[in-house]
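Trainee: There's a structure below that I have some questions on.
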Amino acid sequence: MLTSVVAETGPRLPRPGAWQKTGRRTLAWLLERLPERGAIMLTGALKASRRRRGRPLFEPAEGAEAVTRPVVCLTHDLDRAACWEFLPRLIEMETALGFTSTINVLAAGPYRLDPGYLRGLAETGFEIGLHGLTHDVALGFRSPARIRETLARAQEAVGLVVKGFRAPALAVSEALLTELCRAGFIYDSSVAAWRGPWGAAAGPYRYPGIDIIEVPLTLADDLLWRDLGLDEASAREFFWQTLDRVTAVGGTFVLNVHPCLAAGRLGFWEGILAGLAERGAMVVPVKTLLRSNHDPADEETR
Ligand SMILES: [Zn+2]
Numbered sequence: 173m174l175t176s177v178v179a180e181t182g183p184r185l186p187r188p189g190a191w192q193k194t195g196r197r198t199l200a201w202l203l204e205r206l207p208e209r210g211a212i213m214l215t216g217a218l219k220a221s222r223r224r225r226g227r228p229l230f231e232p233a234e235g236a237e238a239v240t241r242p243v244v245c246l247t248h249d250l251d252r253a254a255c256w257e258f259l260p261r262l263i264e265m266e267t268a269l270g271f272t273s274t275i276n277v278l279a280a281g282p283y284r285l286d287p288g289y290l291r292g293l294a295e296t297g298f299e300i301g302l303h304g305l306t307h308d309v310a311l312g313f314r315s316p317a318r319i320r321e322t323l324a325r326a327q328e329a330v331g332l333v334v335k336g337f338r339a340p341a342l343a344v345s346e347a348l349l350t351e352l353c354r355a356g357f358i359y360d361s362s363v364a365a366w367r368g369p370w371g372a373a374a375g376p377y378r379y380p381g382i383d384i385i386e387v388p389l390t391l392a393d394d395l396l397w398r399d400l401g402l403d404e405a406s407a408r409e410f411f412w413q414t415l416d417r418v419t420a421v422g423g424t425f426v427l428n429v430h431p432c433l434a435a436g437r438l439g440f441w442e443g444i445l446a447g448l449a450e451r452g453a454m455v456v457p458v459k460t461l462l463r464s465n466h467d468p469a470d471e472e473t474r
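So this note's numbering is basically just the index in the sequence shown, starting at one, shifted up by 172.
Here it is, written out as structure tokens:
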């Protein structure tokens with residue numbers, strides 16, 4: 173069922189302008205120096221200032237074969253210490269339903285990785301991906317040499333073979349994709365489906381000219397709460413509507429749930445996961461979706 177899920181071509185990323193690069197780097201500089209509470213308030217204020225009226229549009233790609241069984245790639249980006257601490261609770265909820273997910277870690281973030289725990293998760297079908305060395309929101313807008321060095325340090329520090337990447341604050345660029353490819357990554361999942369026409373695809377695709385598969389992010393939980401300011405009833409409705417639209421064109425729904433945010437919304441996510449189980453959804457890590465496109469040898473080391 174999951175063969176040939178990767179489209180051969182996809183949109184290019186827009187090139188970041190000088191102002192965008194400087195803005196991102198300045199923001200990253202500030203965020204590194206603020207205490208966690210201050211950093212959360214600053215990013216929240218910036219997001220609120222750009223909050224769109226109404227809802228973002230999802231326009232899944234046309235032409236895909238319609239399926240009735242939803243395919244959901246569940247991912248968790250571990251941004252903060254609270255994300256690491258709450259992760260086991262989410263894993264427990266998912267395991268109880270027979271679901272597995274991708275866990276994107278910071279190799280040298282504000283929590284200490286437990287390689288034994290992560291290896292255990294990988295052995296039970298979960299995927300460990302990389303979310304960066306630290307949460308550098310300007311990663312994609314730095315020099316290729318610096319990106320290369322950061323990725324190499326992160327790969328070494330994480331101590332596990334990782335093939336997937338999501339850029340902190342989705343700061344992706346062609347320079348970053350090029351370095352990911354060079355570092356041996358198979359896929360990136362940093363293009364937001366709600367940001368502009370280049371991200372509107374409802375499934376993985378290959379970048380023109382770079383040997384990396386993009387797995388566009390359909391929905392992130394901070395979009396629901398912080399960016400759109402939805403209450404739980406509206407967020408629930410929004411979630412199922414979006415899932416239906418993506419499923420109707422045979423697409424893949426890539427969901428990111430930050431454990432630190434889920435901690436305060438446990439009932440909400442329990443309801444969503446139970447609803448997915450009821451619909452017979454496949455809830456899998458990104459690696460499972462892409463397996464048919466992987467070199468089987470990679471699976472051994474995952
Ligand atoms: Zn993050």
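Backbone N, C-alpha and C define an ideal beta-carbon position, used for all residues, glycine too.
My output table needs one value for Leu395: the three-state DSSP class, helix, strand or coil.
Mentor: Position 223 of the sequence shown, counted from the first residue, corresponds to residue 395. DSSP places Leu395 in helix when its eight states are reduced to three.
Trainee: The beta strand (DSSP E) spanning Ile300 covers which residue range?
Mentor: Within the sequence shown, the letter at position 128 stands for residue 300. From DSSP, the beta strand (DSSP E) with Ile300 extends over Glu299 to Gly304.
Trainee: Which class does Arg451 belong to by DSSP, given the choice of helix, strand or coil?
Mentor: By 1-based counting over the sequence shown, the position of residue 451 is 279. It is coil, neither helix nor strand.
Trainee: Tell me the DSSP secondary structure of Gly443 in three-state form.
Mentor: Here residue 443 is taken as the residue at index 271 of the sequence shown, counted from 1. Note: Gly443 maps to helix in three-state DSSP.
Trainee: Can you tell me whether Arg320 is helix, strand or coil according to DSSP?
Mentor: Along the sequence shown, one-based indexing puts residue 320 at 148. DSSP places Arg320 in helix when its eight states are reduced to three.
Trainee: Assuming Ala486 and Ala279 form a contact by the criterion Cβ under 8 Å, report the distance between their Cβ atoms to the nearest whole angstrom.
Mentor: The structure shown does not extend to residue 486, since the chain spans only 173 to 474, so no value can be given for it.
Trainee: If you reduce the DSSP assignment to three classes, tell me which class Phe337 lands in.
Mentor: Position 165 of the sequence shown, counted from the first residue, corresponds to residue 337. Looking at Phe337 - three-state DSSP - the assignment turns out to be strand.
Trainee: Taking the CB atoms as reference points, tell me whether Asp394 and Leu349 lie closer together than 9 Å.
Mentor: For this step, residue 394 is matched to residue 222 along the sequence shown. For this step, residue 349 is matched to residue 177 along the sequence shown. Contact: no.
Trainee: Which one of Trp412, Ala211, Leu305 and Val309 has the shortest CA to CA distance from Arg320?
Mentor: Counting from 1 along the sequence shown, the entry for residue 320 is found at position 148. Nearest C-alpha to Arg320: Leu305.
Trainee: If you measure from the CB of Ala341, is any heavy atom of ligand 1 nearer than 8 Å?
Mentor: Your numbering for residue 341 matches position 169 in the sequence shown. Correct: Ala341 has its Cβ closer than 8 Å to ligand 1.
Trainee: Check whether the Cβ of Asp251 sits closer than 8 Å to any heavy atom of ligand 1, and report yes or no.
Mentor: Here residue 251 refers to the residue found at position 79 of the sequence shown. Asp251: yes, Cβ under 8 Å from ligand 1.
Trainee: Should Ala217 go down as buried or exposed, given a rule of 16 or more other Cβ atoms within 10 Å for buried?
Mentor: Counting from one through the sequence shown, the residue named residue 217 turns up at place 45. Classification for Ala217: exposed.
Trainee: In terms of DSSP beta bridges, what is Arg196 paired with?
Mentor: As a working mapping, residue 196 is identified with position 24 in the sequence shown. DSSP, once it has assigned bridges, lists no residue as partnering Arg196.
Trainee: Residue range of the alpha helix (DSSP H) that Thr414 falls in?
Mentor: On the sequence shown, position 242 is the one that residue 414 refers to. Unbroken alpha helix (DSSP H) run through Thr414: Glu404 to Ala420.
Trainee: With contact counted as at least three CB pairs below 8 Å, one residue from each stretch, are the region 198 to 212 and the region 410 to 430 in contact?
Mentor: As far as the Cβ criterion goes, the region 198 to 212 does not touch the region 410 to 430, which means the pair count is below three.
Trainee: What residue from Gly443, Thr424, Tyr289 and Ser361 has the CA that sits closest to Ala341's CA?
Mentor: Translated into the one-based positions of the sequence shown, residue 341 becomes position 169. It is Ser361.
Trainee: Which one or two residues does DSSP pair with Leu278 in a beta bridge?
Mentor: Here residue 278 corresponds to residue number 106 of the sequence shown, with the count starting at 1. Gly304.
Trainee: Considering Cα atoms alone, identify which of Gly422, Pro186, Ala407 and Phe298 is closest to Gly443.
Mentor: For this step, residue 443 is matched to residue 271 along the sequence shown. Closest option to Gly443, Cα to Cα, is Ala407.
Trainee: Leu229 to Ala329, Cα distance in whole Å?
Mentor: Mapped onto the sequence shown, residue 229 falls at position 57. Mapped onto the sequence shown, residue 329 falls at position 157. In this predicted model, Leu229 has a pLDDT of only 41, less than 50, meaning its place in the structure is not dependable; the value taken from the coordinates is given anyway. Taking the straight line joining both Cα atoms gives about 38 Å.
Trainee: Take the Cβ of Thr181 as the centre, count every other Cβ of all protein chains shown within 10 Å, and call the residue buried at 16 or more, exposed below.
Mentor: Taking the first residue of the sequence shown as 1, we reach residue 181 at position 9. Exposed is the call here.
Trainee: Give me the Cα-Cα distance between Val363 and Val426, rounded to the nearest whole angstrom.
Mentor: Position 191 of the sequence shown, counted from the first residue, corresponds to residue 363. Position 254 of the sequence shown, counted from the first residue, corresponds to residue 426. Each residue's Cα considered, the two are about 11 Å apart.
Trainee: Taking all protein chains shown into account, decide if Gly423 is buried (16 or more other Cβ within 10 angstroms of its Cβ) or exposed.
Mentor: Counting from one through the sequence shown, the residue named residue 423 turns up at place 251. Looking at its Cβ environment, which holds 16 or more other Cβ atoms inside 10 Å, Gly423 is buried.
Trainee: Cutting at 6 Å between CB atoms, please list the residues of its own chain near Phe440, excluding the five before and the five after it.
Mentor: Position 268 of the sequence shown, counted from the first residue, corresponds to residue 440. Answer for Phe440: Glu404, listed in chain order.
Trainee: So, is Leu311 buried or exposed, given that buried needs 16 or more other C-beta atoms within 10 angstroms?
Mentor: Your numbering for residue 311 matches position 139 in the sequence shown. Classification for Leu311: buried.
Trainee: For the beta strand (DSSP E) containing Thr475, name the first residue and the last one.
Mentor: No answer is possible for residue 475: the residues shown for the chain start at 173 and end at 474.
Trainee: Residue range of the beta strand (DSSP E) that Leu427 falls in?
Mentor: Position 255 of the sequence shown, counted from the start, is the residue given in the question as residue 427. First-last of the beta strand (DSSP E) with Leu427: Phe425 to Asn428.
Trainee: Excluding the five sequence neighbours on either side, which residues of its own chain have a C-beta within less than 6 Å of the C-beta of Arg227, listed in chain order?
Mentor: Along the sequence shown, read from residue 1 onward, the residue named residue 227 stands at position 55. In this predicted model, Arg227 has a pLDDT of only 43, less than 50, meaning its place in the structure is not dependable enough to derive any value.
Trainee: For a test of your reading of the model: does the CB of His430 fall under 8 Å from any non-hydrogen atom of ligand 1? Yes or no.
Mentor: On the sequence shown, residue 430 is found 258 positions in, with the first residue counted as 1. Because some heavy atom of ligand 1 lies under 8 Å away, the Cβ of His430 counts as near it: yes.
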